[in-house]
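Numbering (this note's numbering), first residue to last: 1 to 376.
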Amino acid sequence: MKFDLLATDKNSKARAGEITTDHGKIETPIFMPVGTIATVKGVHQKELKEEINPDIILGNTYHLYLRPQTNILQKAGGLHKFMNWDRNILTDSGGYQVYSLSANRKIKEEGVKFKSHIDGSYHFFTPERVMEIQRAIGADIMMAFDECTPYPCDYKYAKKSMHMTHRWLDRCIRHFEKTPPLYGYEQTLFPIVQGSTYKDLRKQSAEYIANAGAAGNAIGGLSVGEPAEEMYAMTEVVTEILPEDKPRYLMGVGTPINILENIALGVDMFDCVMPTRNGRNGMLFTAHGTINIKNKKWEDDFSPIDEMGITWVDTEYSKAYVRHLFSVNEMLGRQIATIHNLGFYLWLVREARKHILAGDFRTWKDQMVKQMDKRL
């Protein structure tokens with residue numbers, strides 16, 4: 001994997017770059033649609049490629065391990081072939097899913113024993129096993145196995161967890177280097193900074209991760225319930241330390257405003273279920289604020305979802321029509337909302353990139369944050 005840093009905004013730490021892998025180029029900053037179980041929920045691959053057009057999507061190690069299982073993915077020739085996706089894929093490590101199974105898992109130094117949410121069967125993830133699973137999935141970018149701490153988190157526990165995440169990283173790197181890729185293209189490993197919302201721990205962790213010398217680095221354990229200001233403060237601490245010549249990935253973030261503010265702090269890569277999940281529930285993101293399309297006020301509003309015509313559905317469907325689809329529980333409504341939201345998120349990061357390259361990102365970002373911080 002190669003990363004070229006093309007420009008940095010003069011009034012912020014925002015960066016425009018380009019990641020190159022064997023599956024093509026990724027222009028940064030980038031938002032990665034979440035394809036948890038070998039699909040971006042509710043969107044055909046044809047629509048994903050032609051209408052939303054992301055350079056990279058995200059898959060989930062925990063979920064793909066359970067279903068369809070790694071032996072099926074290996075028989076298919078990897079996740080790319082299984083789901084007919086010829087662009088980049090990043091897989092998370094499963095650490096966040098293990099964190100979310102707090103009532104059904106036991107963490108120890110060797111790894112994590114957890115109970116499947118599907119059938120109650122027990123499984124054991126170690127750093128080594130997670131490397132093998134991600135090799136079998138065939139992601140272009142693999143994540144190190146980590147523990148994601150909750151918010152709020154006791155300092156003593158956060159420190160203990162961070163050091164274990166570092167020890168797990170060392171094991172991940174050793175095993176990653178011993179195991180070859182399975183499908184004829186390179187795979188890259190990103191370590192993950194932890195440390196909860198404690199600046200000294202985040203600093204320690206960022207230094208440890210930077211010293212690992214990986215091709216890219218991630219920031220985990222944020223967007224787990226902490227106030228946005230704490231998220232930004234922790235991100236700023238970390239991006240001051242992580243190397244400038246490597247991409248930086250903030251995991252699981254977030255709202256459109258969160259994304260712009262973190263781009264301004266020097267983050268390059270994002271993912272979040274928000275555009276798809278909220279879309280399915282009738283929340284639409286636009287350049288001028290959020291819309292609850294189920295509200296009666298849209299019943300006879302025949303204007304586009306976003307008057308700027310940001311996504312192709314804006315030219316095809318009115319607010320009134322999409323509201324009607326939700327009111328009669330027609331699945332097309334959820335599909336339109338999902339495609340619109342994903343298209344909007346990709347538009348947003350691409351506009352950010354344009355303004356970074358043009359040198360006026362900070363002014364544009366501040367204006368967009370004001371515009372988007374409204375309920376329409």
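Cβ coordinates follow ideal geometry from the N, Cα and C atoms, glycine included.
Quantities reported herein were computed from a predicted structural model and do not represent experimental measurements.
Remark: C-beta atoms of L250 and V267 approach each other more closely than 8 Å. The distance from the Cβ of F31 to that of L346 is about 6 Å, consistent with a contact at the 8 Å cut-off. Shown here, H288 sits in coil according to DSSP, grouped into three states, outside any helix or strand.
In the DSSP assignment, N60 falls within the beta strand (DSSP E) that extends over I56 to N60.
Annotation: the continuous alpha helix (DSSP H) that includes M234 extends over A228 to T239. For R105, the three-state secondary structure derived from DSSP is strand. Around the beta carbon of M308, fewer than 16 other beta carbons sit within 10 angstroms, so the residue counts as exposed. When the Cα atoms are used, F176 and R129 turn out to be separated by approximately 10 Å. Shown here for A215: same chain residues with a beta carbon closer than 6 Å to its own, the five before and five after excluded, namely M1 and T188 in chain order. Residue pairing by DSSP puts H123 in a beta bridge opposite F114. Distances from the alpha-carbon of I72 to those of V40, Y122 and I133 put I133 closest. Shown here, T338 sits in a helix according to DSSP, grouped into three states.
For P243, the CB contacts under 7 Å within the same chain, skipping 5 residues up- and downstream, are A210 in chain order. In the three-state reduction of the DSSP assignment, T39 falls in the coil class.
Of all alpha-carbon atoms in M331, S196 and I339, the one lying nearest the alpha-carbon of V40 is that of I339. F3 is a Cβ neighbour of D245, given a cutoff of 8 Å. A direct Cα-Cα distance of roughly 14 Å separates I310 from A352. Buried is the label assigned to H80, since at least 16 other Cβ atoms lie within 10 Å of its Cβ. Closest in alpha carbon position to S161, among V322, Y99, I241 and V313, is Y99.
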